[in-house]
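Student: Residue numbers (my numbering): 4 to 361. Note that CB positions come from ideal geometry on N, CA and C, so glycine has one too.
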Ligand code: SF4
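1) Quick check: what's the CA-CA separation for residue 217 versus residue 23?
2) Nearest CA to the CA of residue 37: which residue from 330, 297 and 161?
3) Could you check what DSSP says for residue 61 in three-state terms: helix, strand or coil?
4) So does residue 105 have its beta carbon nearer than 7 Å to some heavy atom of the ligand SF4?
5) Counting beta carbon pairs with one atom in the region 30-45 and one in the region 63-78, are three or more of them shorter than 8 Å?
6) At what residues does the beta strand (DSSP E) containing residue 267 begin and finish?
7) Are the Cβ atoms of residue 355 and residue 176 separated by less than 8 Å?
8) Taking only three categories from DSSP, how would you classify residue 19?
9) Can you determine whether any heavy atom of the ligand SF4 sits closer than 7 Å to the C-beta of residue 161, and answer yes or no?
10) Would you kindly report the start and end of the unbroken beta strand (DSSP E) that includes residue 169?
11) Whose CA, out of 276, 80 and 160, lies closest to the CA of residue 288?
12) In the DSSP assignment, what residue or residues form a beta bridge with residue 29?
13) Can the beta-carbon of residue 159 be found less than 8 Å from the beta-carbon of residue 302?
14) From the DSSP output, which residues share a beta bridge with residue 250?
15) Name, in chain order, the residues that DSSP records as bridge partners for residue 181.
16) Please identify the residue among 126, 79, 152 and 299 whose C-alpha is closest to the C-alpha of residue 228.
17) Residue 77: beta carbon under 7 Å from a heavy atom of the ligand SF4?
18) What separation, rounded to the nearest whole angstrom, lies between the Cα atoms of residue 169 and residue 272?
19) Measuring from the CB of residue 157, is there a heavy atom of the ligand SF4 at a distance below 7 Å?
20) Does the beta carbon of residue 355 fall short of 7 Å from some heavy atom of the ligand SF4?
21) What are the start and end residues of the alpha helix (DSSP H) that includes residue 226?
22) Shorter than 8 Å from the beta carbon of residue 212 to some beta carbon of chain B?
23) DSSP state of residue 123, grouped into three classes?
24) Should the region 75-95 be called in touch with the region 122-131, which here means at least 3 C-beta pairs below 8 Å?
25) Would residue 43 pass as a contact of residue 196 if the rule is Cβ separation under 8 Å?
26) For the ligand SF4, any of its heavy atoms closer than 7 Å to the Cβ of residue 222?
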């Protein structure tokens, strides 16, 4: 199996791709924007989204897009499916999330019996990478072999997603640069965090719910908010600033009480799993392996819990300022659907947003 690149070899490889005339697309995960500033003398939690765009363009990227839009894409189709299953009284519960690569790798190694209970949705990074490549091919005339998707991620483990391929054999994402690596790369090339475009230009941004994926509870929040929107019930907000590493949330939808468990780290997962095996009723389980979710990821600058809490609060506060709350109001989804997603057969969409293996 190929080993994902890191450090100087990775930076030079991406620069070579650019020099060969390929179109470089960077997608920025939500958690990166509230941590990268720490490596440039800024306080933790300060949103450096615009500066990140500026720095990535100065490193040679043609387009900079938002991984939270990938979260919206996944949530949009997942909420439609979940609603159908709840209406029919179907569905295999509990259902476990698939957006955290650390959790997926842990489950694959330690709990193969959960194979059919873990969602088959690709991660937001993968789904957005696949959709962006297809968008470039169909709408901008850039063939798949002429575009390069680079994830700017808070997570070293996310590099493993560059080895995964869709059913058609194409990669979802070509390279992953972590938060720390991006700062190293920029400093090596004499680049700074400098203000770039106020908004993503190539594809519009996400909903607030997509942005919250960078924090533990954010995925549950996104699915609940989308279901509420679909069913016309009050908007649901999971409290993202709660410190508990093991939480339960209940939500009334379509006459059913939906029970959700949100855990951080494998120790808390094992505690919850023992309870589920002993009969605890849960419909959805969100496991994020890092403290407070991706804001505390292994590709972020080294930090103590106070620093990670500041990042979490910074991201939650930023999301609270966003106007479009759910995946069903996401400006990026709106554009992608109008431009091309709605015209694609469902099998093609599933190819891009589903994992090809457990
Ligand atoms: S929670 Fe941690 S292991 Fe999971 S995707 Fe985020 S950074 Fe990676």
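Tutor: Here's the rundown:
1) 34 Å
2) 297
3) helix
4) yes
5) yes
6) 259-267
7) In this structure, residue 176 does not lie closer than 8 Å to residue 355 by Cβ.
8) helix
9) yes
10) Here residue 169 belongs to no beta strand (DSSP E), and DSSP marks it neither H nor E.
11) 276
12) 67 and 153
13) yes
14) 265
15) 156
16) 79
17) no
18) 29 Å
19) yes
20) no
21) 221-234
22) The structure shown contains no chain B; it is built from a single protein chain.
23) coil
24) They touch, by the three-pair rule.
25) Against a cut-off of 8 Å, the Cβ pair of residue 196 and residue 43 comes out as a contact.
26) no
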